[in-house]
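S.K.: Sequences listed follow chains A and B, in order.
Residue numbering for the first sequence follows my numbering, beginning at 2 and increasing consecutively.
Residue numbering for the second sequence follows my numbering, beginning at 6 and increasing consecutively.
I'd like to ask you about the structure that follows.
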Amino acid sequence: MLFFIEVALSGLMAGVMYSLVALGFVLIFKASGIFNFAQGVMALFAALTLVGLMEKFNFPVWLAIIGTIAVMIALAWLIERVMLRHLVNQEPIILFMATIGLAYVLEGMGDLLWGSDVKLLDIGIPQGAWDWLWDQGIYVEKLELFAAGTAAILVIFLAIFFQKTRIGRALRAVADDHQAALSVGISLHTIWVVVWSVSGIVALVAGIMWGSKSGVQFSLSLIALKALPVLILGGFTSVPGAIIGGMIIGVGEKLAEVYIGPMVGGAIENWFAYMLALAFLLFRPQGLFGEKIIERV
Amino acid sequence: MNDRNVGDVILKVENISLSFGVMKVLDNINFDVRQGEIRSIIGPNGAGKSSMLNVINGFYHPQEGSITFKGNTRKQMAPQVAASQGIARTFQNIALFKGMSTLDNIMTGRNLKMKTNLFWQALHLGPARAEELENREAAERIIDFLDIQAIRKKPVGKLPYGLQKRVELGRALAAEPELLLLDEPMAGMNSEEKEDMCRFIIDVNDEFGTTITLIEHDMGVVMDLSDRVLVLDYGKQLADGKPDEVRNNQDVIDAYLGIPHEHE
């Protein structure tokens, strides 16, 4: 039983890490209907910038974080100026393609600016096992606990922001109908900069957590792939969905690996999430919490 | 309705021409709208009526001509500028925020009435909260006015067509516009819904003194509601005047009924 709890808990924590990446996708998708392929690279870029500021310029941690946030906001502004502004009213697939381009540009830029070697990221997040639970015989990483706490705060903050504020409503309005949003006086340009900034900051949080866990390296941009099944499960438009979807995937793949794995020769963890996503696509394509939008054709 | 209180010119459209490539959509259009007036634009399909509204609220930028709204003359402007000057509109093919509730849709209409900055909003405290409550009250007044209390929390994408049109009107009203543009507010409605919508339009005009420019195909409605009617046909201005004048205009009758060929 203890073993089961330990597996489930570590799955839960790993899941939250996926959720952090998925959150960034949800934000941009909600507010602009764009599937941002570059989200994973944005997390990498943010983490690289953070490390770079700390190592090359000897910034203290807090200043480096503020500096990175400033860089991410500047990046959002640039993306709007150079990319989105010229693609108003284009098909979603065209915007998606543009974000693929963006992913390459960002990856190259990160490489150029900060170098391509694996970097250690240490901003003082506690590491190692959580003593209290360890005494009970369960191993849980402090870092993962910290990540879970951060994710919880982020989600509460974002949920209030989206549901209860003018800008949150404007974000959702823009996602729903560009023309109608314009007609009530919402400026698309401002909204895009805001939403890409917010998702840039979320990417920074994800980058910090993943970077602290496994070092800042270019494979970080691949964690975006794990966010895909999370999104399909949770729904592309739901912030809580991203969190719960992440946790289901995390717990599911760990439990499947440990309990079903031996029966089929193991390595379930690698594909379990995608199979689960496939099943969801068949039976509930809008995900657990997504908005079911009925298209009138 | 000839003894109504109609004020000065609020909107003046001069020599507007709009084309997409070789297609001339609007050809030298001239008309004005007076304060407090209900002004209709009619014409067969493809006459350029919707394009005219799109020019007025800044979606389309005409190649020639100018528009004067409340004394400011301009050739073209961005939609959000038009909105901030007091022009609100509805769309021919309902453009609501389908995933959002009725209340949220109407609150979105109050976007420009809310001014607190991102910082306070992010914290959802202080002035942002007070402002939110204040605007929520205004939204509730509109919900009462349109008699849609029962669907306040429903996602609008799931509402029947007639109600969606009503919510869309609500969102436009939420901005407290000076000029309200309605693109076929009664299209696709049954006669009961049409009557309701007519009543709302008259009430908005009477109670709030809102100037209204509307496009409509139902001639009975147009002739009853309007102070003046502009007739477009293939992007050209065919007639302009009081409903009675327009009704008896030979060009208009020809455009709608076709010209009889004498040898047939």
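The beta-carbon is built from N, C-alpha and C at its ideal position, and this holds for glycine as well.
1. Kindly list, in the order they appear in chain B, the residues whose Cβ is closer than 9 angstroms to that of Ala174/A.
2. Any C-beta of chain B within less than 7 angstroms: which residues of the segment 24-56 of chain A qualify?
3. Out of Val22/A, Glu56/A, Ile269/A, state which residue places its alpha-carbon closest to the alpha-carbon of Ala122/A.
4. CA-CA distance, Pro67/B and Leu79/A?
5. Would you mind sorting Ser15/A into buried or exposed? The rule is 16 or more other CB atoms within 10 Å of its CB.
6. Going along the chain, which unbroken runs of the alpha helix (DSSP H) with 4 or more residues stay wholly within the segment 140-218 of chain A?
7. Take Leu96/B as the anchor and find which of Tyr261/B, Gly240/B, Ser55/B has the nearest alpha-carbon.
8. Cβ of Ser45/B within 7 angstroms of Cβ of Val209/B?
9. Following the continuous alpha helix (DSSP H) through Glu7/A, name the residue where it begins and the one where it ends.
10. In three-state DSSP terms, what is Met112/B?
11. If you follow the beta strand (DSSP E) that Glu19/B is part of, which residue opens it and which one closes it?
12. Between Ile21/B, Val27/B, Gln40/B, Phe102/B, which lies nearest to Val172/B when the distance is taken from Cα to Cα?
13. Quick one: is Arg167/A near chain B, going by C-beta distance under 7 angstroms?
14. Grab the span of the beta strand (DSSP E) containing Ser45/B for me, first residue to last.
15. Give the residues from the segment 71-94 of chain B that approach chain A closer than 9 angstroms (Cβ to any Cβ), ordered along the chain.
16. List the residues that DSSP assigns as beta-bridge partners of Pro160/B.
17. In angstroms with no decimal places, state the Cα-to-Cα distance between Val119/A and Ser213/A.
18. Let me know the secondary structure DSSP gives Ala192/B once reduced to three states.
19. Taking 6 angstroms as the cut-off, does the CB of Val240/A come closer than this to any heavy atom belonging to the ligand HEM?
20. Please name the residues in the segment 184-202 of chain A whose beta-carbon is closer than 8 angstroms to at least one beta-carbon of chain B, in chain order.
21. To test your reading of the DSSP string, which unbroken beta strand (DSSP E) runs of 3 or more residues are found completely within the segment 63-97 of chain B?
22. Answer with buried or exposed for Leu64/A, where buried requires no fewer than 16 other C-beta atoms within 10 angstroms of its C-beta.
23. Using only the alpha-carbon positions, how far apart do Met119/B and Tyr166/B sit?
24. Could you name the residues of the same chain whose beta carbon sits closer than 6 angstroms to that of Leu151/B, not counting the 5 residues immediately before and after it, in chain order?
25. Going by DSSP in three states, Gln242/B sits in which element: helix, strand or coil?
26. Pull up the distance between the alpha-carbon of Ile15/B and that of Val194/A, whole angstroms please.
27. Consult DSSP for Asn35/B and reduce its assignment to one of helix, strand or coil.
28. Name the two residues that bound the continuous beta strand (DSSP E) containing Leu219/B.
29. Which residues in the same chain as Leu49/A place their Cβ atom closer than 7 angstroms to its Cβ, once the five residues preceding and following it in sequence are excluded?
30. Chain B partners of Ala243/A, CB-CB under 8 angstroms?
M.R.: Looking at the atomic coordinates:
1. Here the neighbours are Phe102, Met105, Asp109, Asn110, Thr113, Asn116.
2. None of the residues of the segment 24-56 of chain A has a beta carbon lying less than 7 angstroms from any beta carbon of chain B.
3. The sequence as given places Leu at residue 122/A; Ala does not occur at that position. That would be Glu56/A, whose Cα lies nearest to the Cα of Leu122/A.
4. C-alpha separation (whole angstroms): 30 angstroms.
5. This sequence places Ala at residue 15/A; Ser is not what is there. Counting Cβ neighbours within 10 Å, Ala15/A comes out buried, since at least 16 surround it.
6. For the alpha helix (DSSP H) assignment, the uninterrupted runs of no fewer than 4 residues enclosed by the segment 140-218 of chain A are, from N- to C-terminal side, 143-165, 167-177, 179-184, 189-215.
7. The question names Leu, but residue 96/B is Phe in the sequence shown. Ranked by Cα distance from Phe96/B, the first of Tyr261/B, Gly240/B, Ser55/B is Ser55/B.
8. Taking 7 angstroms as the cut-off, the beta carbon of Ser45/B is found no closer than this to the beta carbon of Val209/B.
9. 3-33 is the span of the alpha helix (DSSP H), which, as asked, contains Glu7/A.
10. Note: Met112/B maps to helix in three-state DSSP.
11. Segment 14-25, the beta strand (DSSP E) holding Glu19/B.
12. Ranking Ile21/B, Val27/B, Gln40/B, Phe102/B by Cα distance to Val172/B puts Phe102/B first.
13. Chain B, which has a Cβ nearer than 7 angstroms to the Cβ of Arg167/A, makes this yes.
14. Taken as a continuous stretch (DSSP letters only), the beta strand (DSSP E) holding Ser45/B covers 43-47.
15. Considering only beta carbons, the part of the segment 71-94 of chain B lying closer than 9 angstroms to chain A consists of Ala83, Pro84, Gln85, Val86, Ala87, Ala88, Ser89, Ile92, Ala93, Arg94, in chain order.
16. According to DSSP, which records beta bridges pairwise, Pro160/B is partnered with Ser106/B.
17. Answer to the nearest angstrom: the Cα atoms are 12 angstroms apart.
18. Reduced to three states, the DSSP call for Ala192/B is coil.
19. The ligand HEM is absent from the structure shown, which contains no ligand whatsoever.
20. Those residues of the segment 184-202 of chain A placed with their C-beta closer than 8 angstroms to a C-beta in chain B are Ser184, Val185, Gly186, Ile187, Ser188, Val195, ordered along the chain.
21. DSSP runs (the beta strand (DSSP E)) wholly in the segment 63-97 of chain B: 69-74, 77-79, 92-94.
22. Its Cβ having fewer than 16 others within 10 Å, Leu64/A is exposed.
23. When the Cα atoms are used, Met119/B and Tyr166/B turn out to be separated by approximately 29 angstroms.
24. Short of 6 angstroms from the beta carbon of Leu151/B, and not among the five residues preceding or following it, lie these beta carbons of its own chain, in chain order: Arg171, Gly175.
25. Three-state DSSP puts Gln242/B in a strand.
26. The alpha-carbon separation between Ile15/B and Val194/A amounts to approximately 35 angstroms.
27. Three-state result, Asn35/B: strand.
28. 216-220 is the extent of the beta strand (DSSP E) around Leu219/B.
29. So the list reads Gly111, Trp115, Val217, once near-sequence residues are dropped.
30. The premise fails here: Ala243/A is roughly 16 angstroms from chain B at the closest Cβ pair, so nothing lies under 8 angstroms.
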